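Working notes, structure below.
Chains as they are written, first to last, in the numbering used here: chain H, 1 to 281; chain W, 1001 to 1281.
Written as structure tokens, this is what we have:
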């Protein structure tokens, strides 16, 4: 673990309870086994900017996010550190080493936050670095949802019918077809009050058979009485999984970068006003 | 119903049982309420060709498909008829009127096939016209799957974690998170031995509360002892649902049209050889 700024405990823990810190955890530790092994996908550029920078900036630019934790693997650590320095991000407090699986990376981040004395009511937004185009409205929606729920996830309504399958010999066959309005594709950020995600992970840690690929599932399976709210995602908040996703990502980057600057300014103004309104509550 | 060729009963029903007819049903009856109401989505051109033509051609070009039935709504009937005449498709036997919902359109097609004396073991491939880029391998895979199963559906493994939700007041919350390897996104064609889909629809028709959006579900829910096999789909076999899908569709059309003609010729040769091998069995 590399402390980038020794004052996390103070900035995060010293605030009054009514303005809980909002911490974004950007998971950039995946080795991308389905991607080009010589070119880690977090570092691939789309629209002229490395994917990990898009993701960090989504939270850097959200006025309600107070701190950012970036989780890396040792292979990309120095590259990510240089990028963060070069780009001058001001909210990145710490870069920590992730683990072998996704849950190990989340667990490492939670341990770091606990050691930093983060309060139980802090809002933790866990985001996959390889979803570079998360919308500000999804981040804002996640922060808002935690006023009513202890857990929330950005998700996008499935336009295709979802099939749940089982194995019949070496063939997959359909087991059931859930009602389409109740099927969503999980995206990130997945957001939690700190005490909730911490408790869920403690329970999961004592179960050696549990290897979730998703933080929401840890809460759903281990704290079944805590409802997890759905926050609206978007088609463009895609996960860059394989090289085949790069052209689509370039296309989205182009659309975003080509947006009318006046429109952008209006959106920023709107976000600032919403933030100001939030502070006045 | 417009009979385009009075010999369907003969071509379809008169073959020996070991070479069951393979009938593609192309559903082009949707009104596309999420689309431009003045420009039915089946008729929108991508890559310079109307979407419905891409879908018909997918089956026209598959040597193992014997007959094509096109289901339309009255609003597009004359446009679709003209297109089929102009393009000179040779396998389109009949164009019939669909119903208010998707299942009504499938039911209308099944009634037509029954009236035409189609045998119980005919292989029926039901395809959404708004999935113009179905791969030949998915069509071939569907036909093959029906040698072992009475029902099959093309589907694509979900790369995103799927969330099953329920309503909590006016908020959707997560009910369960199925294991990702057992979650698929249904595509089409969905394929059935004629007797199986006919029986499933008869059972569903007597249940006034049942309004499936998917043919596979009719079999899964009403004939639970008949396993439905998963056939490999593709990311490009997308459903064009809204105007926002058109740029992606244009991009895919461009890729397909830009393919190396030598490579295409090799693929066609390969398909012909596979077909010849099938006939020699």
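C-beta: ideal position from N, C-alpha, C; glycine also. These numbers were taken from a predicted model, which means no experiment stands behind them.
Q: Under 7 Å between beta-carbons, which chain H residues line up against residue 1026 of chain W? List them in chain order, please.
A: Residues of chain H passing the Cβ test: none, with the nearest at roughly 18 Å.
Q) Thinking C-alpha only, which one of H:101, H:103, H:102, H:113 is nearest residue 95 of chain H? A) Measuring from the Cα of residue 95 of chain H, the nearest candidate turns out to be H:113.
(Q) Between the alpha carbons of residue 19 of chain H and residue 66 of chain H, how many angstroms are there, rounded? (A) Taking the straight line from one Cα to the other gives about 10 Å.
Q) Would DSSP call residue 1165 of chain W helix, strand or coil? A) Looking at residue 1165 of chain W - three-state DSSP - the assignment turns out to be strand.
Q. If you draw a straight line from the alpha carbon of residue 12 of chain H to that of residue 142 of chain H, how long is it in whole angstroms?
A. Low confidence applies to residue 12 of chain H: its pLDDT is 46, below 50, so where it sits in the model is not reliable enough to give any reading.
Q. Starting from residue 1024 of chain W and walking both ways along the beta strand (DSSP E), at which residues does that stretch end?
A. For residue 1024 of chain W, the uninterrupted beta strand (DSSP E) segment begins and ends at 1022-1028.
Q: Since I believe residue 1073 of chain W is in contact with residue 1098 of chain W (beta carbons under 8 Å), could you give me their beta-carbon distance rounded to a whole number of angstroms?
A: About 6 Å; that satisfies the 8 Å criterion.
Q: Within the region 115-199 of chain H, note down every full alpha helix (DSSP H) run reaching 4 residues or more, in order along the chain.
A: If only uninterrupted alpha helix (DSSP H) runs of at least 4 residues are considered, those enclosed by the region 115-199 of chain H are 136-145.
Q: Name the two residues that bound the continuous beta strand (DSSP E) containing residue 1232 of chain W.
A: Start and end: 1228-1232.
**Q.** Residue span of the beta strand (DSSP E) that contains residue 1067 of chain W, given as start and end
**A.** Its beta strand (DSSP E) spans residues 1067-1072.
Q.
What would DSSP say about residue 1083 of chain W, mapped onto helix, strand or coil?
A. In the structure shown, residue 1083 of chain W sits in a helix (DSSP, three-state: H, G or I).
Q.
Quick check on residue 1097 of chain W: does DSSP put it in helix, strand or coil?
A. Three-state DSSP puts residue 1097 of chain W in a strand.
Q) Skipping 5 residues on each side, what residues in its chain have a beta carbon closer than 7 Å to that of residue 1161 of chain W? A) Once the five neighbours on either side are set aside, the close Cβ partners of residue 1161 of chain W are 1177, 1180.
Q. Is residue 1186 of chain W near residue 1153 of chain W, with beta carbons less than 8 Å apart?
A. In this structure, residue 1153 of chain W lies closer than 8 Å to residue 1186 of chain W by Cβ.
Q.
Would the region 212-221 of chain H count as touching the region 1221-1241 of chain W if we require 3 or more Cβ pairs under 8 Å?
A. The region 212-221 of chain H, when compared against the region 1221-1241 of chain W, does not touch it at the 8 Å Cβ threshold.
Q. Residue 249 of chain H to residue 46 of chain H, Cα distance in whole Å?
A. The straight-line gap from Cα to Cα measures roughly 7 Å.
Q.
For the ligand GDP, is there any heavy atom lying closer than 7 Å to the beta carbon of residue 1161 of chain W?
A. Ligands are entirely absent from the displayed structure, and the ligand GDP is therefore not among its contents.
Q. In whole angstroms, what separates the C-alpha of residue 77 of chain H from that of residue 110 of chain H?
A. It is roughly 19 Å from the alpha-carbon of residue 77 of chain H to the alpha-carbon of residue 110 of chain H.
Q. Under 8 Å between C-beta atoms, does residue 1112 of chain W make it to chain H?
A. Interface with chain H (8 Å Cβ-Cβ cutoff): residue 1112 of chain W is excluded.
(Q) According to DSSP, simplified to helix, strand and coil, what is residue 50 of chain H? (A) Strand at residue 50 of chain H.
Q) Is it true that the region 1053-1064 of chain W meets the region 1120-1135 of chain W, where meeting means three or more beta-carbon pairs spaced less than 8 Å apart? A) Verdict: yes, contact present.
**Q.** Proximity to residue 1120 of chain W [Cα-Cα], best of W:1137, W:1197, W:1214
**A.** Of the candidates W:1137, W:1197, W:1214, W:1197 places its Cα closest to the Cα of residue 1120 of chain W.
(Q) By the 8 Å beta-carbon criterion, what residues does the region 1160-1194 of chain W contribute toward chain H? (A) Listed in chain order, the positions of the region 1160-1194 of chain W with a beta carbon within less than 8 Å of a beta carbon of chain H are 1160, 1161, 1162, 1163, 1164, 1165, 1166, 1168, 1171, 1172, 1173, 1174, 1175, 1176, 1177, 1178, 1180, 1182, 1183, 1184, 1185, 1186, 1187.
Q | Against chain W: residues of the region 229-259 of chain H by CB proximity under 8 Å | A | Answer set for the region 229-259 of chain H: 229, 230, 235, 239, 241, 244, 247, 248, 251.
Q: Could you check if residue 148 of chain H is buried or exposed, using at least 16 other CB atoms within 10 Å of its CB as the buried criterion?
A: Only exposed fits residue 148 of chain H, as fewer than 16 other CB atoms lie within 10 angstroms of its CB.
Q. Which same chain residues, not among the five before or five after residue 1214 of chain W, have their C-beta less than 7 Å away from its C-beta?
A. Cβ contact annotation for residue 1214 of chain W (same chain, cutoff 7 Å, sequence separation greater than five): 1186, in chain order.
Q. Taking the alpha helix (DSSP H) that residue 1252 of chain W falls in, what are its first and last residues?
A. Counting along the chain, the alpha helix (DSSP H) containing residue 1252 of chain W begins and ends at 1245-1257.
Q. Residue 1221 of chain W lies in the alpha helix (DSSP H); which residues open and close that run?
A. For residue 1221 of chain W, the enclosing alpha helix (DSSP H) begins and ends at 1215-1222.
(Q) What does the alpha-carbon distance come out to for the pair residue 1239 of chain W and residue 163 of chain H? (A) Linking residue 1239 of chain W to residue 163 of chain H through their CA atoms gives a straight-line distance of about 16 Å.
Q) According to the Cβ coordinates, are residue 1133 of chain W and residue 1158 of chain W closer than 8 Å? A) It is not a contact, given that the beta carbons lie outside the stated cut-off.
Q | Under the three-state DSSP convention, the category residue 105 of chain H falls into | A | Residue 105 of chain H falls in the helix class under three-state DSSP.
Q. For residue 194 of chain H, which residues from the same chain have a beta carbon less than 6 Å from its beta carbon, with the 5 sequence-adjacent residues on both sides left out?
A. Excluding residues within five positions, the ones whose Cβ falls inside 6 Å are 118, 120, 122, 124.
Q | Residues sharing a beta bridge with residue 1076 of chain W, DSSP | A | DSSP lists no beta-bridge partner residue for residue 1076 of chain W.
(Q) Could you tell me the alpha carbon to alpha carbon distance between residue 5 of chain H and residue 22 of chain H, rounded to whole angstroms? (A) Because residue 5 of chain H sits at a pLDDT of 46, beneath the cut-off of 50, its placement in the model cannot be relied upon, and the following sentence gives the value as read from the coordinates. When rounded, the distance between both Cα atoms is 17 Å.
**Q.** Interfacial residues, the region 1204-1232 of chain W to chain H, with Cβ spacing under 9 Å
**A.** Only those residues of the region 1204-1232 of chain W whose C-beta falls short of 9 Å from the nearest C-beta of chain H are listed: 1212, 1213, 1214, 1216, 1217, 1219, 1220, 1221, 1227, 1228, 1229, 1230.
(Q) Could you check whether the Cβ of residue 153 of chain H sits closer than 8 Å to any Cβ belonging to chain W? (A) At a cut-off of 8 Å between beta-carbon atoms, residue 153 of chain H makes contact with chain W.
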